[in-house]
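Comments concern the structure below.
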Amino acid sequence: MELDIVSYGRRGPGAPTVFNVEQIEQVKRTVGHSPEVMVKVSGGAREAGGARAHLQYLDRHGKLEIETDEGVVLRGRGVAEGLIADWQLDLCRSQYRPKPMAGRDTRAKLVHNLVLSMPAGTPPQKVLQAARMFARENFALQYRYAMVLHTDQAHPHVHLVVKCEHEFEPGRRLYVRKETLRRWREQFATLLREEGVAANATPRQLRGARKSLKDPIHHRLRALRFAASEVNDGNAAHVAAPRESSFMRARLSRIAKDLPAGTVAEDQGQSRLTATHVEVVNGWRGVAQTLRTQGITALASQVEHFVLRLPRPVTDRIHLQAGLLAHLQTQRRAAAQSRNARSR
137 MELDIVSYGR
147 RGPGAPTVFN
157 VEQIEQVKRT
167 VGHSPEVMVK
177 VSGGAREAGG
187 ARAHLQYLDR
197 HGKLEIETDE
207 GVVLRGRGVA
217 EGLIADWQLD
227 LCRSQYRPKP
237 MAGRDTRAKL
247 VHNLVLSMPA
257 GTPPQKVLQA
267 ARMFARENFA
277 LQYRYAMVLH
287 TDQAHPHVHL
297 VVKCEHEFEP
307 GRRLYVRKET
317 LRRWREQFAT
327 LLREEGVAAN
337 ATPRQLRGAR
347 KSLKDPIHHR
357 LRALRFAASE
367 VNDGNAAHVA
377 APRESSFMRA
387 RLSRIAKDLP
397 AGTVAEDQGQ
407 SRLTATHVEV
417 VNGWRGVAQT
427 LRTQGITALA
437 SQVEHFVLRL
447 PRPVTDRIHL
457 QAGLLAHLQT
467 QRRAAAQSRN
477 ARSR
């Protein structure tokens, strides 16, 4: 657990008795619900062909601009092919190792696909400028990269494709670990604030946020929600029916088989989530206590109010079970009302 802020409020060894200015500002942003940045690895490619296809997808086959690590802005159908040649991905030895016939592909990646995103309402050009500075500070003169700004969704985001092999040190590679992502989030938030954009980077556990779904599942469910909204608005004729989420169908089927009548089954993961929630709450209370000791009472009260509004976490399984039960109860009530109407 990376309980950065709440750890300051504990009275264990090494815990500070006062907050510095930077820590106080971090607390203010978090309890004030400043927009949270997102930095994640959305995939990668182990072959030059995969990297080429991803670049073509990002620039919409030449319709969008791609900005390179050399500061050059390119546009056109041949851009992806040119970048593959310029980065010499065809010379990377790892892609010529045989692909496993079954199981996980353990070959080294040629490129990482990163996404840097902000919530809806953030100026897209400021997101692009912060992403530009982020890439320059982390990868310039070390790892080749290219980026594309996407504004086709409500939240502006930048796709960043980074070559994994170092340009001048053979054998040195770019590895992205949990700690790396944490540091990148904090850095990206700082760069956005320098652009005048309110931005924050805190672990989701501190905010009581649910863990996000994996990209393919998220995109499929978003398509289903969009189709449903269009049908409700009377635009069904103009919307292609999205494919059903096989992942969600299989998951709901398993839950339905194990669901006791009228109850929600126990979930072993829930006890871990509850323990984490207790730790977070106690940590925030420690923060409030430290702030009061420093005489920062208004912020301490804000922290206490924030703690009271923290949602209690539940696992995805329990969340789906509750939704399935509610759906079944609605169906039963509708069936009962129908029977009563016929009997009159």
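Mind the numbering: the sequence shown is residues 137 to 480 in the numbering used here, read in order.
Virtual Cβ for every residue (Gly too), placed ideally from N, Cα, C.
Since this is a predicted model, take the numbers as computed values, not measurements.
*Identified DSSP bridge partners for G179*: N249
_Measuring alpha carbon to alpha carbon, tell me which residue in V173, L210 and R196 is nearest D115._
Because the chain in this structure spans residues 137 to 480, residue 115 falls outside the shown range and cannot be described.
*According to DSSP, which residues form a beta bridge with E217?*
DSSP, once it has assigned bridges, lists no residue as partnering E217.
*Going by C-alpha distance, which of A267, Q473, R445 and A424 is nearest R93?*
Outside the modelled stretch of the chain, which goes from 137 to 480, sits residue 93, for which no answer is possible.
*Please go through the same chain and pick out, in chain order, the residues whose beta-carbon is closer than 6 Å to the beta-carbon of A238, but skip the five residues on each side of it.*
Cβ neighbours of A238 within its own chain (closer than 6 Å, five residues either side excluded): none.
*asked:* Does A472 pass the burial test, meaning 16 or more other C-beta atoms within 10 Å, or should it be called exposed?
replied: exposed
*Local conformation of E158 per DSSP, three classes*: helix
*How should P234 be labelled, buried or exposed, when 16 other C-beta atoms within 10 angstroms of its C-beta is the threshold for buried?*
exposed
*I220 versus Q278: straight-line alpha-carbon distance, rounded*: 17 Å
*Near L327, which residues of its chain fall below 6 Å by C-beta distance, leaving aside the five closest residues on each side in sequence?*
A266, M269 and F270
*My understanding is that A337 touches E172, with C-beta atoms under 8 Å, so please give their C-beta distance in whole angstroms.*
7 Å
_Which same chain residues end up closer than 6 Å to A216 when comparing Cβ atoms and leaving out the 5 residues on each side of it in sequence?_
R188, L191 and Q192
*Quick one, which of Q341, F324, G198 and F275 has its alpha-carbon nearest V333's?*
Out of Q341, F324, G198 and F275, F324 has the C-alpha closest to the C-alpha of V333.
*Would you call the CB atoms of V298 and Y281 closer than 7 Å?*
Against a cut-off of 7 Å, the Cβ pair of Y281 and V298 comes out as a contact.
_C-alpha gap between G180 and L194, whole angstroms_ = 13 Å
*For G168, is the classification buried or exposed, using 16 other Cβ atoms within 10 angstroms of its Cβ as the cut-off for buried?*
exposed
*Measure from the alpha carbon of P255 to the alpha carbon of each residue in F275, H293, K245 and V284, then state which is nearest.*
H293
*Looking at C-alpha atoms only, which residue of P260, R313 and L246 is the closest neighbour of L252?*
P260
*Cβ shell of E183 (< 6 Å), same chain only, five flanking positions each side left out*: Q231
*A98: buried (16+ other C-beta within 10 angstroms of its C-beta) or exposed?*
Given a span of 137 to 480 for the chain in the structure shown, any question on residue 98 remains unanswerable.
*Apart from the five residues just before and just after H291, which ones in its own chain have a Cβ nearer than 7 Å to its Cβ?*
S253, M254, P255 and A256
*In three-state DSSP terms, what is K199?*
coil
_Of the listed residues T258, Q467 and T426, nearest to E331 (C-alpha basis)_ = T258
*asked:* Comparing C-alpha positions only, which one of V423, S479 and N249 sits nearest to V163?
replied: It is V423.
*From I432, Q406, T316 and A436, pick the residue whose C-alpha is nearest to that of G419; which is it?*
A436
*Decide if H295 is buried, meaning its Cβ has at least 16 other Cβ atoms within 10 Å, or exposed.*
buried
*Buried or exposed for E203, please, with buried defined as at least 16 other CB atoms from any protein chain shown within 10 angstroms of its CB.*
buried
_Quick check: what's the CA-CA separation for G214 versus R240?_
C-alpha of G214 to C-alpha of R240: approximately 32 Å in a straight line.
*Below 8 Å on the Cβ atoms is my guess for N249 versus V312; work out the distance and round it to an integer in Å.*
With a contact defined as Cβ atoms closer than 8 Å, N249 and V312 miss out at about 10 Å.
*Roughly how many whole angstroms lie between the Cα atoms of E301 and E315?*
20 Å
*To the nearest angstrom, report how far apart V283 and V414 are at their CA atoms.*
The sequence shown places Met at residue 283, rather than the Val named in the question. Approximately 41 Å between the Cα atoms of the pair.
*Quick one, are the C-beta atoms of P447 and G307 less than 7 Å apart?*
no
*How big is the Cα-Cα spacing for L342 and R319?*
16 Å
_Neighbourhood of F304 by C-beta distance below 7 Å, restricted to the same chain and skipping five residues each side_ = none
*Starting from Q296, follow its DSSP beta bridges and name the residues at the other end.*
First, the residue type needs correcting, since residue 296 is Leu and not Gln in the sequence shown. In DSSP, L296 forms a bridge with L250 and M283.
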